[in-house]
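Following my numbering, the numbering of the sequence shown begins with 701 at its first residue and continues without gaps.
Here's the structure, in structure tokens; my notes come after.
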Amino acid sequence: MNMKFEEISFLPFIFFFCSLMIYPIILSASMISLHDLLSLFRSDLYIQSLKNLLLFTGIAVPVKLVLALFISGILSGFRKNKLVKILGIMYPLPWAIPAMSAALSFRWSLDYDFGIINKMLSDLGLPKVPWLLTYPTAMLSIIIFHVWKWTPLWTLMLFAARQVIPEELYEAARIDGASSLQMFRNVTFPLIKGTFLICLLLSSIWSMGEFEAIWLVTLGGPNQTTHTITTLGIREVFFYGNLDKGIAIYFSIFPLIAALVVMILFLLRRES
């Protein structure tokens, strides 16, 4: 009787979840045709945007998480140091700053003629770099900004995960003569692996949906070469009024995101 009541009481949540998550996906799919999806793969701009999405995510996510692991280790190892405490308080500021302010400031600092970065290079006798004027440097600038903006969040999550590891485990490892690398591999990482996988999942999804770093720093330029799926879809819907094409663009990467989510959730379940 209690089991039946629990199953019935769970139905409102299932209905709410389906109406909030599943129905919009089905509705979006019903608004596009196979022709809309196939036509995307004949578009050079779409192919370039898809490549940029994979490049951006493939570089930014590992860099963010490796930096987060490293910095969280420093903050944990020297957390009693007053200077480290002060730096720990200031460190999350890039993530806390509104994206609009941070991106526009970053864009101005990279300006070819008036940016502070090129001014510093000139003062050092080095040539100016066209940060936002060529495809390779523009993509690099976007990735740098995104990594700078989001690494503090993942650092805080991994730092928090490290705090619940019993100090006795490290003391036992030191007695056994374990090096810092061995302690990380055999003690730290196995105990924070679940948190790390959650960071990997969220970071991957949010990187694929990144808009501010691309739109506010490069506007998809130069010559529309730094668009990703997110900015391309916005461009089609709001600038050209192509609602069907915009929905098709977004829906085209749904299988990729779904496969990524399933894979990481499988790893999480196996870990638990």
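All C-beta atoms, glycine included, are put in the ideal place defined by N, C-alpha and C.
Asked: Same chain, Cβ closer than 8 Å to Ser-904, five either side skipped, listed in chain order; Found: Thr-757, Val-761, Leu-960, Ile-964
Asked: Best match in Leu-753, Met-839, Ile-786, Phe-814 for proximity to Lys-828 [C-alpha to C-alpha]; Found: Phe-814
Asked: Counted within 10 angstroms of its Cβ, other Cβ atoms place Asn-818 as buried (16 or more) or exposed; Found: buried
Asked: At least 3 beta-carbon pairs within less than 8 Å: the segment 941-959 vs the segment 844-851; Found: no
Asked: Bounding residues of the alpha helix (DSSP H) (the contiguous stretch that carries Thr-925); Found: Per DSSP, Thr-925 belongs to no alpha helix (DSSP H) and is neither H nor E.
Asked: Per-residue DSSP class, three states only, for Tyr-723; Found: Unreliable placement is indicated for Tyr-723, whose pLDDT of 49 sits below 50; no coordinate value is reported for it.
Asked: Asn-942 in three-state terms, based on DSSP; Found: coil
Asked: Assigned secondary structure, Asp-876 (DSSP; H/G/I helix, E/B strand, else coil); Found: coil
Asked: Trp-906 versus Val-917 - alpha carbon distance; Found: 17 Å
Asked: Beta-carbon spacing of Ala-948, Thr-895 below 7 Å; Found: no
Asked: Given Met-908 as reference, the closest of Ile-929, Thr-855, Tyr-746 once Cα atoms are compared; Found: Ile-929
Asked: Backbone CA spacing between Asp-811 and Pro-830 [nearest angstrom]; Found: 8 Å
Asked: C-beta atoms of Thr-855 and Ile-771 nearer than 7 Å; Found: yes
Asked: Cβ neighbour criterion (16 or more within 10 Å) applied to Ala-796; Found: exposed
Asked: Buried versus exposed call for Arg-935 [16 or more other C-beta atoms within 10 Å across all chains shown]; Found: buried
Asked: Span of the alpha helix (DSSP H) around Ser-805; Found: 799-809
Asked: Leu-901 versus Thr-851: straight-line alpha-carbon distance, rounded; Found: 14 Å
Asked: Sub-7 Å separation of Leu-891 and Ile-865 beta-carbons; Found: yes
Asked: Assigned secondary structure, Arg-742 (DSSP; H/G/I helix, E/B strand, else coil); Found: coil
Asked: Straight-line Cα distance separating Ile-914 from Leu-740; Found: 21 Å
Asked: Leu-826 and Leu-897 closer than 7 Å at C-beta; Found: no
Asked: Cβ distance (whole Å) where Leu-943 is taken to contact Cys-899 below 8 Å; Found: Their Cβ separation, rounded to whole angstroms, is 34 Å, which puts Leu-943 and Cys-899 out of contact at 8 Å.
Asked: Spatial distance of Arg-742 from Leu-840 (CA atoms); Found: 27 Å
Asked: Buried or exposed (CB count within 10 angstroms, at least 16 for buried), Asn-923; Found: exposed
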